[in-house]
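Residue numbers (our numbering), protein chains in the order written: chain A, 1 to 423; chain B, 1 to 166. Note that the Cβ used here is the ideal one computed from N, Cα and C, for glycine as well. Quick caveat, the model's predicted, so the values are computed rather than measured. For reference, the structure is listed below as structure tokens.
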Amino acid sequence: MVTATIFGSLILLMLIRAPIAVALGLSSVLGLIISGIDLQIAAQRLLSTNNSFPLLAIPFFILAGEIMSTGGMSRRLVNFAGSLVGHLTGGLGAVAILGSSFFAALSGSNAATVAAIGGVMNAPMEEKGYRPQYTAAAIAAAGVTGMIIPPSILLILYGVVTGVSIADLFLAGLLPGIVICLSMLALNWFMTRREGIEKTEFQGLTGIWDSFRAAFLPLLMPVIILSGIYGGVFTPTEAAIVAVLYGLIVGFIYRELTLKDLYKAFQKAVLSSAVVMFIMNSAGVFAWLITINQIPQSISAYLASVAGGPILYLLLVNIFLLFVGCIMNAAAAVVIFTSILYPAAMSFGIDPILFGIIVSVNLSIGTVTPPLGVDLFIASAITKVPIEKIVTTIWPYIGVLLIDLLIITYFPPVSLFLVQLFG
Amino acid sequence: MQVIKKFLDLTELTLSVVCVLSFVAMFVLGIATVVFRFIIESSLAFPAELIRYLFIWMISLGSAVALRRNVHAAIGVVVSHLPAVPRRAALVGSTLLGIVFFALILVAGIKLTMRVQPQISPALEISMAWVYGAVPVGMAFLILFSLELVARQLKAPDAELLADGQ
């Protein structure tokens, strides 16, 4: 009865476009009322989720990403990527992909990555004869690395929900991010071969050196963050705070950051954090309620009996999360479904770090799949290409991402090699 | 009507400025905790606690601002395929149900805030009511902005009903 009420009302509320946080909160409140539990528990749970120091990494990494995209740093990263790969076939497409991966190491979200790199790449790609449709598909797909290459908001949320070390998750995300980046570079080369695009000239080693020096300070930031976290110097939250400070210093050194930009960056980061945390808080109430009703345990037992073994279980998880990613915001999905899918994964002996990477890659792919891929919306806004048209061009990218997903799922060393090396 | 809109605009702006100022304070305190941990090799308890409390307030008020800007994550794909009349009904219904949720939590939050008043926070030694108060205050603003949203959803022409947000 309680289970039916909670899940029935949750699904109904989501279908009529209630905010996901409201759907989670109201369905939990109904469950509490039926169970005769005082609603003060709900009010308390809403707040206690927030009262956590590790979660503070989220607003600060979001802020760091916003500062980096206003401070002219995305342009410097693009120039450096351009000197490396700009002269190859489909060079500017490759620049967009590589530049996005560089930016992903400064920012924890796909949306920020697409906005920052797409905004810089759109005009030059159009000038060189890329179809706007292809440009839109490439910059949207390239953004997928945003939440896989550390820092990553999804990995922080997964770590907070499960208690798995965020530092280990970050380290584990690095190689999968590089694999995805390389596979997209290969696809870009293949897809642009016949487009008859004018090439840019190779700037030579001096060109690479000059653009590297110009991009040196932004490129140094992920090195500081990651080595700080693994060297045991910072916690992930402290690293996020340092990232903001670093972004401010670099922005002012380059004289590309005005006070007005800074206020806007703070304002945007407040809104993005509020959206994530509003869901996280309601999910805190929801997760508590379903746990005291033993629901994750029963779902886990059921899934375990259906799947029988880890290989089939991971396949089912992948299919399910890809579907969820198509219709639901990634941060919301990781918070809601981790607590349900995690216990069964543990009972099959799947590595908790690997499982976190699998969940994040799935939901990141969801940001480029229709109908609700946030990367598609942003790429469409930048390039003025309607979403339906981007979708017809982006399918090969989604295909490649699915192959990457299978490799990451069934070949654990891709994620775990670095963790074992440094752990 | 114009007066109400102006009042709500001003409320939103005030909340937004308060959120940004809290965030700036969180950042400054955050730098202080990191620096202190390096210099005296032990972290001070009170900045870490204050950061968390500011964060709670920032998220409570920021959620209300996000509601007014219509940026909260939602699944719009079903509603956008409905014919005009049921679409409007679904959207108005979801906003009204949202108000029910906020109101229930508002009441529970006020009770909770009164109950925790005697509790004192470990480091700052302030009443926990200052912290828990963020819940009812946030809910009150969410209700205020939801009421405006319902009014708009009832009046807006069919074509503009889904034009905002994502």
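Contact set between residue i and chain E, taken where Cβ atoms lie within less than 9 Å
i     : result
R68/B : No chain E appears in the structure shown, which is made up of the protein chains A and B.
Minimum Cβ-Cβ distance from residue i to chain A less than 8 Å
i      : result
F145/B : no
R52/B  : yes
V85/B  : no
Q166/B : The pLDDT assigned to Q166/B is 35, lower than 50, so where the model puts this residue is not dependable; a value taken from the coordinates is nonetheless given after this. Yes - at least one Cβ of chain A is within 8 Å of the one on Q166/B.
V150/B : no
L124/B : no
I40/B  : no
F23/B  : yes
L97/B  : yes
F141/B : no
Simplified DSSP state of residue i, which is helix, strand or coil
i      : result
A134/B : helix
S152/A : coil
I120/B : strand
D164/B : In this prediction, D164/B scores a pLDDT of 47, lower than 50, which makes its location untrustworthy; the coordinate-derived value is nonetheless stated afterwards. D164/B falls in the coil class under three-state DSSP.
P86/B  : helix
A183/B : Absent from the model: residue 183/B. The displayed extent of chain B is 1 to 166, so no value can be given.
P370/A : coil
P426/A : Because chain A is modelled from 1 through 423, residue 426/A falls outside the range shown and cannot be assessed.
S69/A  : helix
A73/B  : coil
S165/A : coil
S127/B : strand
Beta carbon proximity, residue i to chain B, threshold 8 Å
i      : result
F266/A : yes
M147/A : no
Y426/A : The shown model of chain A, from 1 to 423, leaves out residue 426/A, and the question about it has no answer.
P59/A  : yes
G25/A  : yes
V242/A : yes
L289/A : no
A332/A : yes
Q424/A : Residue 424/A lies beyond the range of chain A shown here (1 to 423); nothing can be said about it.
L376/A : no
L88/A  : no
Under 7 Å by beta carbon: chain B residues contacting residue i
i      : result
A43/A  : I105, A108, G109, L112 and V135
E238/A : V34
Residues that residue i contacts on chain A, provided the C-beta gap is smaller than 9 Å
i      : result
S127/B : Those within 9 Å of S127/B in chain A number zero; the least Cβ separation is about 15 Å.
L91/B  : I16 and R17
Chain-ordered neighbours of residue i on chain A, where CB pairs are closer than 8 Å
i      : result
I75/B  : M14, L15, R17, I20, I327, M328 and L372
A48/B  : F53
S121/B : Neighbours of S121/B on chain A: none; closest Cβ ~11 Å, over 8 Å.
L10/B  : Ordered by position in chain A, no residue passes the 8 Å Cβ test against L10/B, which lies about 16 Å from the chain.
Per-residue contacts from residue i into chain B (C-beta, under 8 Å)
i      : result
V29/A  : F101, L104 and I105
G284/A : Result: empty, since nearest Cβ-Cβ is about 12 Å, beyond 8 Å.
S273/A : M58, I59 and G62
L56/A  : M26, G30, I51, R52 and F55
L477/A : Absent from the model: residue 477/A. The displayed extent of chain A is 1 to 423, so no value can be given.
A269/A : F23
Straight-line gap, residue i to residue j (C-alpha atoms, nearest Å)
i      : j      : result
A24/A  : I279/A : For clarity, residue 24/A is Leu in the given sequence; the question names Ala instead. For L24/A and I279/A, the distance between alpha carbons rounds to 8 Å.
A25/B  : I249/A : 18 Å
L112/B : A18/A  : 26 Å
T192/A : A214/A : 29 Å
S28/A  : V275/A : 19 Å
S183/A : N318/A : 19 Å
A240/A : V35/B  : 14 Å
V285/A : E49/B  : 22 Å
P310/A : S165/A : 22 Å
D164/B : H72/B  : Legend: pLDDT at D164/B = 47, less than 50; position of this residue unreliable, value from coordinates given subsequently. Computed Cα separation, rounded: 11 Å.
A105/A : I59/B  : 26 Å
I6/A   : K6/B   : 39 Å
L44/B  : I120/B : 18 Å
T97/A  : I139/A : The residue you asked about is not Thr; residue 97/A is Ile in the sequence shown. Approximately 7 Å between the Cα atoms of the pair.
L15/A  : L401/A : 28 Å
T113/A : I34/A  : 44 Å
8 Å CB neighbourhood of residue i in its chain, flanking five on each side removed
i      : result
A137/A : A379, I390, T393, I394 and Y397
L173/B : What the structure shows of chain B is the stretch from 1 to 166, and residue 173/B is not part of that stretch, so it cannot be assessed.
F348/A : A304, A307, G309, P310 and Y313
Amino acids of chain A, ordered along the chain, whose beta-carbon sits closer than 7 Å to that of residue i
i    : result
I4/B : Result: empty, since nearest Cβ-Cβ is about 23 Å, beyond 7 Å.
7 Å Cβ shell around residue i - same chain, five flanking residues per side excluded
i      : result
N293/A : V2 and T3
V150/B : V92, T95 and L96
L63/A  : V244, A265, F266 and A269
L77/A  : G99, F102, F103, A215 and P218
Nonlocal neighbours in the same chain, by C-beta distance under 6 Å from residue i, ignoring five residues either side
i      : result
A32/B  : P47
W189/A : T89 and G90
Under 9 Å from the C-beta of residue i: neighbouring residues of chain B
i      : result
I279/A : H72 and A73
Cβ-heavy atom distance, residue i to the ligand ADP, below 7 Å
i      : result
I229/A : This structure does not include the ligand ADP; it has no bound ligands of any sort.
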